[in-house]
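Some notes on the structure that comes next.
Residue numbers (our numbering): 278 to 386.
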């Protein structure tokens, strides 16, 4: 592929979220209280801009997830991860972000 068709690719480690009774985003957890980490990447047609951890994204299946970490992904390796649909301008509260980061740290051990 020519350089003209290439784009910056980032991959994001995320946890799906859901809204509580107050309309605030909370981590989606199983009955044991654990959240499952997922990875998505920027696609060619991804809308919006990445602003940092705590930002929400929407997947191509309309699932909302909070971004915990990002890292570069080689353009040639982009098909190893699922593309996302769009970045949202919404962020989770700091306590929810801290819960997600703790889950990320626990899974990396």
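All residues carry an ideal CB built from backbone N, CA and C; glycine is no exception.
Every value quoted in this text rests on a predicted model; they were computed, and no experiment measured them.
**Item:** Per-residue burial, residue 308 [other beta carbons within 10 Å of its own, 16 or more giving buried]
**Value:** exposed
**Prompt:** So, are the CB atoms of residue 325 and residue 365 less than 8 Å apart?
**Reply:** yes
**Prompt:** Are the CB atoms of residue 369 and residue 340 nearer to each other than 8 Å?
**Reply:** no
**Request:** Taking only runs that begin and end inside the region 308 to 346, name each unbroken beta strand (DSSP E) of 3 or more residues, in chain order.
**Result:** Taking 3 residues as the minimum length, the beta strand (DSSP E) runs contained wholly in the region 308 to 346 are 315 to 318 and 332 to 336, in order along the chain.
**Item:** Of the listed residues 289, 300, 331 and 321, nearest to residue 314 (C-alpha basis)
**Value:** 289
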